[in-house]
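Numbering (my numbering), first residue to last: 3 to 685.
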């Protein structure tokens, strides 16, 4: 267990995370050639959608055996739409490797994944990639990192350049230089002329080391040099406590600097047993600190689920104590159910290798768990502990989905249900009012991937469209009308006659009252009249939307002792309703939501302008409780908010966040109402 390292590799899209993982596997001799993202030959990006899009959309695990260590490299996606998978990867990790491009520096995604790691309280190491790009600047990137992430950012290497070419780097910790000729690495003395640059950086490391221990601080101020063991242990302590963020650099595509990075992971990042794991008692919810040891009773967390149409559901888990053995039964305290486990595997991309057990600190996989979902704990029955799950982001975009071919509705729901096991960041909702099936996800690309998987994995083609906005209709004045249903066609006839007063009501639901005198309408027909009205208000006279805030008072009518019936009076009430709605000044109502938009101060003007274009009313603005973001509050028609998640992401470069909740219905402006009515009539 002391030689295991669980590392989440994270960063902005296209910074080189998967290529770094591939280079690690290559250096460890586990693959014979470096895979290519463009060619679709990497171990991590094995999914057809990933190959088609040339980017990661799933978190995968690649065990790398390097010297005496085992690194479980957890390769996470970089696009914002897959933040849920990143959070899943962080949950299983004991440390984070944050990757940056030396050309683009600190991006929005870099800040986002850094925050994920900090919020999970795990140590952080940086790798500045693509340093061989002629436009890359290690110095500028370091300056940005210090500004954004603080003084804990500590460069452990410095690049060697000959002209514009990146030829190697100086290891500032042990003061050796490494020069590369192709893939061949040669240790050389620190080049002449670099001392002026290296010495201040080494002094920075020594200061960081001194800050980790009082005795070392005294030694530092007395000018006494630290021993090699003191340096190594102090760095480990500083990294573990979050006081040192080691920075490495190199080029993953050229496999330069990756072996030094791999050595640094083993030397400086913590083993599983060094990281605190706090759960809660399954009965009392009291916090419990878990002892991470293979000698304890078993506790593990499922952090990733894969829906495979052939193998079935695959659950990837991290063991925190004890071991998960093949052919055993464990307990899921989240669901209160026992789970039978058959075969146990290690995973590397999409390849599984059968093993007898997975011990504490390690990562494994089982298939066909019946009750367990992503984020659930599996443990021994008497463990009485629930480990922390995964807080997935809420969906921000909804699209309506329908089959290309009629009769495939059940296949759609079945396929989406299996995909939801795999991806908890989207949900499927059946809207009872609009009769639409809605997919709610993290963005347009996310929903597009779901639809593509539905086609390739489950053979269902679907059509996407914008969800129908749930408008309402109401009336604005009081009218009295009558409805008469009279039919004689031989034998029993039909007769129902009502006089009803319609007026604006105080509640959304229909209010029905009666003040009939003299028995002009017998009481036994009142329920039928009310039923006729309640059925009728489901469809308005303007555009067919439900009618709200209406009061109907039955005040007169007539009946026939033979031909009157409940059905006749129900029909008469419906006729009265149609006439009454036309005369009572019907208007369209649109749903209004309350928007809280969290955005950088520098673009608040653009965001406010965009809200105004959406017919929104600004309700307030100012500082927020989210670091670096200001709050804009507004009331906005829901019909104008469909693509807001995409637009806000574009305006803010991915930094913006928002919440939006329905608050009430409000009369729609005349031009908007005319468009709604015209669209309904056309349909």
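Even for Gly, the Cβ is constructed at its ideal location relative to N, Cα and C.
query                                                                                                             : result
Distance between residue 639 and residue 595 (C-alpha atoms, nearest Å)                                           : 6 Å
Pairwise C-alpha distance: residue 315 and residue 57                                                             : 24 Å
Given 8 Å, three or more beta-carbon pairs between the stretch 513 to 521 and the stretch 540 to 549              : no
Secondary structure of residue 606, DSSP reduced to three states                                                  : helix
Distance between residue 468 and residue 476 (C-alpha atoms, nearest Å)                                           : 25 Å
Residue span of the beta strand (DSSP E) that contains residue 515, given as start and end                        : 513 to 516
C-beta atoms of residue 283 and residue 293 nearer than 9 Å                                                       : no
According to DSSP, residues forming a beta bridge with residue 302                                                : 321, 380
Terminal residues of the alpha helix (DSSP H) in which residue 528 lies                                           : 528 to 538
Beta-carbon proximity list for residue 151, same chain, < 7 Å, skipping 5 on both sides                           : 116, 247
Residue 714 - DSSP class collapsed to helix/strand/coil                                                           : Not covered by the structure: residue 714. The range shown for the chain is 3 to 685.
Helix, strand or coil at residue 151 [DSSP, three-state]                                                          : helix
Same chain, Cβ closer than 8 Å to residue 665, five either side skipped, listed in chain order                    : 594, 595, 596, 637
DSSP three-state assignment for residue 346, whether helix, strand or coil                                        : strand
Element boundaries [alpha helix (DSSP H), containing residue 40]                                                  : From DSSP, residue 40 is part of no alpha helix (DSSP H); its letter is neither H nor E.
Backbone secondary structure at residue 185 - three-state DSSP                                                    : coil
Test item: CB-CB of residue 577 and residue 523 under 9 Å                                                         : no
Straight-line Cα distance separating residue 602 from residue 630                                                 : 6 Å
Option in 89, 133, 573, 21 with minimal Cα separation from residue 107                                            : 133
Through-space distance from residue 155 to residue 679, alpha-carbon basis                                        : 60 Å
Cβ neighbours of residue 620 in the same chain (closer than 8 Å, five flanking residues each side left out)       : 610, 613, 614, 634, 635, 636
Straight-line Cα distance separating residue 238 from residue 270                                                 : 5 Å
Range covered by the beta strand (DSSP E) that runs through residue 400                                           : 399 to 405
Residue of 182, 208, 443 minimising C-alpha distance to residue 174                                               : 208
Closest by C-alpha distance to residue 483, when choosing among 458, 425, 585, 573                                : 585
Those runs of the beta strand (DSSP E) which lie wholly inside the stretch 72 to 115 and span at least 3 residues : 97 to 103
Proximity of residue 562 and residue 618 at Cβ, strictly below 9 Å                                                : no
Contained alpha helix (DSSP H) runs [length at least 4] in the stretch 421 to 446, N- to C-terminal order         : none
Alpha carbon of residue 1 to alpha carbon of residue 197, nearest angstrom                                        : Nothing can be reported for residue 1: it is not among the residues displayed for the chain, which extend from 3 to 685.
Rounded C-alpha distance that separates residue 254 from residue 103                                              : 11 Å
Where residue 35 falls, given that 16 or more other Cβ within 10 Å makes a residue buried                         : exposed
Buried versus exposed call for residue 287 [16 or more other C-beta atoms within 10 Å across all chains shown]    : exposed
Spatial distance of residue 354 from residue 109 (CA atoms)                                                       : 35 Å
Helix, strand or coil at residue 354 [DSSP, three-state]                                                          : strand
Contact under 9 Å by Cβ, residue 600 with residue 571                                                             : no
Cβ neighbour criterion (16 or more within 10 Å) applied to residue 9                                              : buried
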